[in-house]
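Residue numbers (our numbering): 1 to 609.
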């Protein structure tokens with residue numbers, strides 16, 4: 001960012017009093033900084049970092065375990081035939097699809113160097129950030145514009161008007177689909193390969209993703225696709241077979257079996273080197289893995305991880321304890337957790353990790369679980385307990401690109417709970433025909449009366465006030481459906497009115513939540529009454545305010561002139577407003593957030609429909 005200061009007028013030396021001129025300070029953002037801001041907001045995850053993490057977790061990329069695919073008839077047909085634009089790699093769990101794709105990405109990248117775009121994305125069902133179709137598009141676009149920066153103009157043309165909301169609001173999929181197709185029809189686009197791993201782990205929007213892929217296959221045959229998934233019939237039905245070259249790992253049993261053997265040799269060689277196994281021990285381990293793996297890479301990797309934690313003299317005894325097949329192996333790992341000295345904290349940790357909406361940090365995990373003091377305040381000991389959970393959990397470390405100030409962040413431990421606690425409450429009561437249990441009702445009521453303002457302050461600091469509005473709306477609905485207590489429902493309704501009415505002040509200045517909102521809320525507001533003790537003591541005379549909340553639910557702020565016309569979307573999820581300021585704004589009526597601004601109208605906009 002560049003700063004310039006200019007002065008028009010006559011002035012010299014030090015002057016106290018009136019300046020006979022105008023001092024103007026300009027803050028000019030460079031094009032480079034604007035581009036970087038766009039890239040930061042577009043990025044949900046860096047697919048290249050995901051690939052590195054996956055490879056490191058699986059012991060590195062072994063060329064001998066994937067090179068067979070390049071000689072297969074299906075791959076060569078996909079590579080050479082213009083009509084077969086999509087290569088579908090299909091197989092059962094643990095058969096090595098992900099590492100196979102990592103190898104293909106590696107070879108394509110090295111083969112083409114800087115003359116082609118190799119854009120890829122790894123879906124993961126357990127991570128809400130990368131388990132949906134919108135995230136897939138964001139990842140593919142991010143990879144494309146990083147490789148070929150001139151393509152960023154297609155993103156910037158929309159981003160300059162909407163900002164980060166372009167990638168996150170309810171219309172994000174449609175906006176990103178248009179941007180994606182604009183990129184693919186750009187005449188300067190280099191040869192492009194688009195790769196998506198684990199379509200079966202895209203839990204939201206998969207149908208829309210299939211429609212987009214099918215459309216691109218028919219319109220842009222020069223773009224090559226590779227996707228992988230489990231052997232799911234519905235995926236087979238949705239893929240356009242006229243453009244698809246499928247590779248079944250089960251039908252390529254000989255090639256896969258040879259790859260498994262090479263993988264075993266590689267992993268056991270590494271173990272023998274570290275553990276100093278004798279030749280007899282090494283051969284015994286290789287034979288056992290070959291005869292019990294059932295051609296499953298994941299089984300081999302899990303067993304080798306356990307052997308890596310086992311002393312040399314107990315290796316063969318430990319080896320015999322591993323049952324063949326993934327299901328039996330996981331059952332044994334569960335039994336190990338149950339019989340360990342840390343069984344109770346392990347079960348609590350696994351229970352929480354099975355329902356969180358994204359991976360959580362150490363501090364967050366400790367705050368979400370009731371743990372003994374020696375665990376909750378000792379990250380090293382907690383790390384040891386997590387290791388006891390076996391291969392069910394991994395701790396990848398802290399990526400350097402996530403380091404932010406302040407450090408340490410005092411809100412780090414509370415961030416997940418702040419944003420998602422209402423979602424978990426709603427999920428926990430979704431299938432219950434009866435109301436909230438007494439304990440839940442008491443806690444929700446205590447939250448509304450004692451912690452609500454503190455929660456709003458924290459969300460403001462985290463830049464997530466919109467979650468407060470969405471969350472309180474969801475809480476209100478849960479209480480109306482599941483609770484017959486009129487008092488707690490009215491408290492929740494009042495809390496929602498409170499944040500909607502005072503959002504602007506709280507969002508811009510977090511500590512305002514204890515000041516003007518409490519002073520200017522209606523006299524009989526539940527929230528105002530509950531938090532009288534939080535008000536500043538310098539307010540001596542209260543202003544005259546209404547007795548109750550008025551008919552105005554929410555004020556949408558953003559236009560700089562009168563609004564001439566409004567229109568609702570068909571599903572009621574969006575509101576458009578046209579103004580004399582020559583703009584049209586699109587609003588999320590639930591949160592009151594402006595999600596998009598349409599500018600550059602030559603005249604005031606008088607009507608929309």
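Backbone N, C-alpha and C define an ideal beta-carbon position, used for all residues, glycine too.
Limits of the unbroken alpha helix (DSSP H) element including residue i
i	result
residue 206	206-219
residue 480	465-482
residue 180	172-184
residue 425	415-429
residue 265	253-275
residue 280	279-292
residue 48	47-57
residue 352	343-353
residue 71	Unbroken run through residue 71: none, as it is neither H nor E.
residue 560	Taken as a continuous stretch (DSSP letters only), residue 560 belongs to no alpha helix (DSSP H), as it is neither H nor E.
residue 233	233-238
residue 40	31-42
residue 530	526-530
residue 454	452-461
residue 517	516-520
residue 363	362-368
residue 534	Where residue 534 is concerned, there is no enclosing alpha helix (DSSP H), given that its DSSP letter is neither H nor E.
residue 386	379-388
residue 160	152-162
residue 167	165-168
Residue from the options with nearest C-alpha to residue i
i	options	result
residue 121	135, 111 and 127	135
residue 76	246, 449, 200 and 59	246
residue 150	99, 90, 188 and 482	188
residue 607	600, 580 and 597	580
residue 308	328, 273 and 325	273
residue 50	40, 411, 341 and 99	99
residue 236	496, 89, 324 and 590	89
residue 505	470, 478 and 461	461
residue 418	471, 338, 175 and 170	471
residue 577	604, 420 and 267	604
residue 209	131, 270 and 316	131
residue 515	531, 523, 133 and 500	531
residue 218	332, 141, 84 and 178	84
residue 493	474, 510, 507 and 503	474
residue 546	564, 558, 529 and 523	523
residue 301	311, 312 and 289	289
Bridge-paired residues (DSSP) for residue i
i	result
residue 194	119 and 225
residue 499	None; residue 499 has no bridge partner.
residue 584	578 and 598
residue 567	576
residue 132	204
Per-residue burial, residue i [other beta carbons within 10 Å of its own, 16 or more giving buried]
i	result
residue 29	Caution is warranted here: a pLDDT of 49 is assigned to residue 29, below 50, making its placement in the model unreliable, and no coordinate value can be reported.
residue 555	exposed
residue 198	buried
residue 345	buried
residue 119	buried
residue 45	buried
residue 157	exposed
residue 70	exposed
residue 95	buried
residue 24	A caution first: residue 24 carries a pLDDT of 37, below 50, which makes its placement in the model too unreliable to give a value.
residue 400	Bear in mind that a pLDDT of 30 at residue 400, under 50, signals an unreliable position, so the model cannot answer this.
residue 81	exposed
residue 593	buried
residue 402	Here residue 402 scores only 43 on pLDDT, less than 50, and its place in the model should not be relied on; the value that follows carries that caveat. It counts as exposed.
residue 32	exposed
residue 268	buried
residue 609	exposed
residue 110	exposed
residue 314	exposed
residue 553	exposed
Limits of the beta strand (DSSP E) - the one that residue i falls within
i	result
residue 300	Taken as a continuous stretch (DSSP letters only), residue 300 belongs to no beta strand (DSSP E), being part of the alpha helix (DSSP H) at 297-308.
residue 598	593-598
residue 245	244-248
heavy atom of the ligand SAH below 7 angstroms from residue i C-beta
i	result
residue 364	As far as ligands go, the structure on display features none, and thus does not contain the ligand SAH.
Short CB-CB distance (under 8 angstroms) between residue i and chain D
i	result
residue 555	No chain D is part of this structure, which consists of one protein chain only.
* Run through the segment 73-118 for me and flag every whole beta strand (DSSP E) of 3 or more residues, listed as ranges in chain order. => 86-90
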